[in-house]
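*Asks:*
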Ligand code: C2E
Ligand code: CA
Ligand code: CA
Ligand code: CA
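Numbering (full-length UniProt numbering), first residue to last: 476 to 752.
1. Taking only heavy atoms of ligand 1 into account, decide whether any of them is closer than 8 angstroms to the Cβ of residue 767.
2. Can you tell me whether residue 672 is helix, strand or coil according to DSSP?
3. Where residue 575 and residue 590 are concerned, what is the direct C-alpha to C-alpha distance, given to the nearest angstrom?
4. Would you decide whether residue 542 is buried or exposed? Buried here means 16 or more other CB atoms lie within 10 Å of its CB.
5. Please determine, among 732, 628, 713, 600, the residue with the shortest C-alpha to C-alpha distance to residue 660.
6. Helix or strand or just coil, what does DSSP make of residue 513?
7. If we ignore side chains and look at the alpha-carbon of each, how far apart do residue 599 and residue 685 end up?
8. One question on the structure: do residue 693 and residue 673 come within less than 9 angstroms of each other, judged by their Cβ atoms?
9. My guess is that residue 636 and residue 597 are in contact by the Cβ rule of under 8 angstroms, so how many angstroms apart are they, rounded?
10. Three-state secondary structure (DSSP) at residue 523?
11. Considering only the alpha carbon of each residue, which of 510, 716, 696, 677 lies closest to residue 707?
12. On the criterion of 16 or more Cβ atoms from any shown chain inside 10 Å, does residue 744 qualify as buried, or is it exposed?
13. Have a look at residue 511 and residue 504 and give me their C-alpha separation to the nearest angstrom.
14. Checking 9 angstroms against the spacing of the C-beta atoms, do residue 524 and residue 722 come in under that value?
15. Let me check you understand the geometry: is the CB of residue 649 closer than 8 angstroms to at least one non-hydrogen atom of ligand 2?
16. Does the distance between the C-beta of residue 713 and the nearest non-hydrogen atom of ligand 2 fall short of 8 angstroms?
17. I'd like to confirm something about residue 677: is its beta-carbon nearer than 8 angstroms to some heavy atom of ligand 3, or not?
18. Please report the distance separating the alpha-carbon of residue 690 from that of residue 679.
19. At a cut-off of 8 angstroms, is residue 674 close to ligand 2 when judged by its beta-carbon and the heavy atoms of the ligand?
20. Return yes when the Cβ of residue 573 is within less than 9 angstroms of the Cβ of residue 609, no when it is not.
21. With residue 621 as the anchor, note down where its alpha helix (DSSP H) starts and where it stops.
In structure tokens:
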């Protein structure tokens, strides 16, 4: 047994140690990072394709780490979910996002602000109460907020999350199924969920021009969404030809680098002044 242990130690590579150290550091530091203002809120515009207008933004978190620089959310969100720090992060994003929604409205911009929520957040029975409180505090209409929930998150625990999703929906907050197509959901489940928007995962959208499979998937998802009276959004739109394609097949909203990469929230007004939408 001692021999086995020794062998295991030998196979660790320095990169792996570095990687593990980084994971542990990020895990340990996230809560403090929120208090130290190391996080920032970026936004990416959503275009109403037929109306040629920006109708909303998705809020995306960024972490400027003092040693590691910009840490991508794909790296630290899963860690935050493991430690439970995600709840604090989501609350921070919700309050900041709603602050921006209020500021933009005061400037005459009616933008629907989307915040990503994770499975762990949906298990918090007080989330809906807090969210409605924050919306009221700012005098915002409830539908100024949209919550994006990944397909796998809702389907994984549809029963557990359902009462709270209903509560949010009854209050007037909009809900979207994010990353649609990457998880497993039946039409029946989709119909039972109180969602108003469906976001097609960028992996399919980015392939529509060169993959017949992706094209079929995106076209049938647009039809499925419309048959269920849902607004359908394509994410990951990177070029004009894809946008034209989506328009032809009746997709409602588009989001992606073609319009803009995610930008710091305070740059949005300036961007809108210069954008052709
Ligand atoms: P997501 O919710 O699917 O967000 C869309 C991701 O696609 C964003 O990556 C965005 O920058 C990227 N994207 C947008 N347009 C394009 C495009 O045209 N081409 C390409 N290649 N990518 C595009 P980001 O900001 O790195 O976020 C990654 C994921 O991290 C998000 O995926 C979401 O799952 C998670 N995330 C980000 N912010 C938050 C947050 O505040 N809370 C939670 N719970 N998760 C978050
Ligand atoms: Ca999202
Ligand atoms: Ca997505
Ligand atoms: Ca994603």
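C-beta: ideal position from N, C-alpha, C; glycine also.
*Replies:* Let's see:
1. There is no way to answer for residue 767, as the model of the chain reaches only from 476 to 752.
2. strand
3. Each residue's alpha carbon lies about 12 angstroms from the other.
4. By the 16-neighbour rule on beta-carbons within 10 angstroms, residue 542 is exposed.
5. 628
6. coil
7. In a straight line, the C-alpha of residue 599 is about 42 angstroms away from that of residue 685.
8. A distance of 9 angstroms or more separates the beta carbons of residue 693 and residue 673.
9. 4 angstroms
10. strand
11. Residue 696 is the option with its Cα nearest to residue 707.
12. By the C-beta density criterion, residue 744 is exposed, having fewer than 16 other C-beta atoms within 10 angstroms.
13. Taking the CA atoms as reference points, residue 511 sits about 10 angstroms from residue 504.
14. yes
15. Result no, Cβ not under 8 angstroms from ligand 2.
16. no
17. yes
18. Rounded to whole angstroms, residue 690 and residue 679 show a C-alpha spacing of 8 angstroms.
19. Yes, the Cβ of residue 674 comes within 8 angstroms of a heavy atom of ligand 2.
20. Inclusion of residue 609 and residue 573 in the CB contact set at 9 angstroms is warranted, their separation being smaller than that value.
21. Unbroken run through residue 621 is the beta strand (DSSP E), 620-625; no alpha helix (DSSP H).
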